[in-house]
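Just so we're aligned, residue 7 is where the sequence shown starts under our numbering, counting upward by one.
Ideal Cβ positions, reconstructed from N, Cα and C, are used throughout, including at glycine.
Keep in mind it's a predicted model, so treat the numbers as computed, not measured.
Just below is one structure, and these are the notes that go with it.
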Amino acid sequence: MSATRRQFLIRATAAGLTAASSALCDAQAQTPAPPSRRELPPLPTGGTVVFSDDLLAPDFASDSGFRVDGRPCWQSRLSKTRQQVGNRELGYYADPALNPEAKVWGLDPSTGHRFIQAEYIPEGLSDGRAGKITLGWQKESPITYTAAIITSQTFFNRITTGSYVEFDVRLSKIAGSWPALWLLRSGKWPPEIDIIEAFISSSDYPRDGVATNLHWVSSKGHESSSAPIKLSNFEPGADIFTHFNRFGCFLGETEIVWYFNGKPYRATANLVGPGPWYMLMDVAVGGLVAAPSDPSAFPARMYIRGVKVVQFGSA
Numbered sequence: 007m008s009a010t011r012r013q014f015l016i017r018a019t020a021a022g023l024t025a026a027s028s029a030l031c032d033a034q035a036q037t038p039a040p041p042s043r044r045e046l047p048p049l050p051t052g053g054t055v056v057f058s059d060d061l062l063a064p065d066f067a068s069d070s071g072f073r074v075d076g077r078p079c080w081q082s083r084l085s086k087t088r089q090q091v092g093n094r095e096l097g098y099y100a101d102p103a104l105n106p107e108a109k110v111w112g113l114d115p116s117t118g119h120r121f122i123q124a125e126y127i128p129e130g131l132s133d134g135r136a137g138k139i140t141l142g143w144q145k146e147s148p149i150t151y152t153a154a155i156i157t158s159q160t161f162f163n164r165i166t167t168g169s170y171v172e173f174d175v176r177l178s179k180i181a182g183s184w185p186a187l188w189l190l191r192s193g194k195w196p197p198e199i200d201i202i203e204a205f206i207s208s209s210d211y212p213r214d215g216v217a218t219n220l221h222w223v224s225s226k227g228h229e230s231s232s233a234p235i236k237l238s239n240f241e242p243g244a245d246i247f248t249h250f251n252r253f254g255c256f257l258g259e260t261e262i263v264w265y266f267n268g269k270p271y272r273a274t275a276n277l278v279g280p281g282p283w284y285m286l287m288d289v290a291v292g293g294l295v296a297a298p299s300d301p302s303a304f305p306a307r308m309y310i311r312g313v314k315v316v317q318f319g320s321a
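In structure tokens:
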């Protein structure tokens, strides 16, 4: 979801998620041929859980990434900004402590699980100076959508070779929303690992469709590897909107493998290095997806049952 990567992801969106069966593994020009589907490695066994969180603490996230008592928590913004200008996103990454017009997150009364959400705020967001916050790429337009993001940059930023990262989430099918689970390194971008993204431009978005992406720097400059995936090829009845699902990624020394409910579905050479990495979960609005067709359909929620990191071998 980095602000400067817009041009590299357009081809993933245009390709369409129905082409997923041909994208189990990618072969880059400088990498050997990837394994076939039956050769995709299973999840390692053993390992040590080095991080886990159900995000149920009342003070689970803040603008600074720290609680009032100084302990780290999830951070409610990107490293340096609350807008993704390069992506031309419509949503402002809000925090309820800073933007009281927005809810941003809460607990689902039916399940007790945490959710984060993008919202429609027809009156716009106040800038605290009797004005409105405007789009960074279209200064005359007040922001009428909020987005939501939480990152572990201050909380847990030690994901590296031998780490398995897993998010247990359920998404919402709201046209104009763009939920994602991803990893970044502190400092300069790229690299980036997108565990999943869902480019929900319309209500016809498939219930089993996601995309995975990898961004790195080579001697040629910024390169990327995008793969739209049809999850029902790996689990009959797969549904990212009705059920909670576990989306995972194992960072091997030479290979990165993506998992859906414990089943491998994509592998590619590790071209991004050992990290260390931190986690991001977000629900964006617009950008690489069409603008919302029905604002009244919002909020667009990501329900989160838990997050964990398992370390295999020494970190």
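Compute the Euclidean distance between the alpha carbons of Ala26 and Pro128, then round it to the nearest angstrom. Low local confidence applies: a pLDDT of 40 at Ala26 is under 50, so the model's placement there is unreliable, with the coordinate-based value given in what follows. Approximately 37 Å between the Cα atoms of the pair.
Can you name the residues that DSSP bridges to Leu189? Ile199 and Met285
With which residues is Pro78 paired in a DSSP beta bridge? Phe72
Give me, in chain order, the residues of the same chain whose beta-carbon lies closer than 6 Å to that of Pro148; leave out the 5 immediate sequence neighbours on both sides. Gly130, Lys138 and Thr140
Among Lys145, Ile262, Gly292 and Cys79, nearest to Tyr151 - alpha-carbon criterion: Gly292
Could you check the C-alpha separation between Gly168 and Ser302 for me, to the nearest Å? 44 Å
Please state whether DSSP places Asn93 in a helix, a strand or coil. coil
Counting pairs of beta carbons, one from the region 181-200 and one from the region 212-230, are three or more of them closer than 8 Å? yes
Pull up the DSSP beta-bridge partners for Gln123, would you. Arg307
Tell me whether Pro47 sits in a helix, a strand or coil according to DSSP, three-state version. coil
Are the CB atoms of Gln3 and Ser209 nearer to each other than 8 Å? The structure shown does not extend to residue 3, since the chain is modelled only from 7 to 321, so the question has no answer here.
Once DSSP output is grouped into helix, strand and coil, what is the label at Ser299? coil
Give the C-beta separation of Leu49 and Phe256 to the nearest angstrom, bearing in mind that I take them to be a contact with Cβ-Cβ under 8 Å. 7 Å
First through last residue of the beta strand (DSSP E) which encompasses Gln144: Gln144 to Pro148
DSSP on Ser207, reduced to helix/strand/coil? coil
For the region 255-274 against the region 62-76, do three or more pairs of beta-carbon atoms, one drawn from each stretch, fall closer than 8 Å, so that the two count as touching? no
Quick one: using the 10 Å Cβ neighbour count with 16 as the cut-off for buried, is Gly268 buried or exposed? exposed
Put Leu257 into one of helix, strand or coil per three-state DSSP. strand
Keeping to the same chain, check which residues put their C-beta closer than 8 Å to that of Phe247; ignore five residues upstream and five downstream. Arg176, Leu177, Ser178, Lys179 and Arg213
Using three-state DSSP, classify Ser58 as helix, strand or coil. strand
Closer than 7 Å by C-beta to Lys314: which residues in its own chain qualify, once you throw out the five before and the five after it? Chain order, please. Val55, Phe57, Ser58 and Glu172
Identity of the residues DSSP links to Ser232 by a beta bridge: Asn219
Considering Cα atoms alone, identify which of His249, Ile165, Gly118 and Phe205 is closest to Gly281. Ile165
What's the C-alpha gap between Arg94 and Thr51? 42 Å
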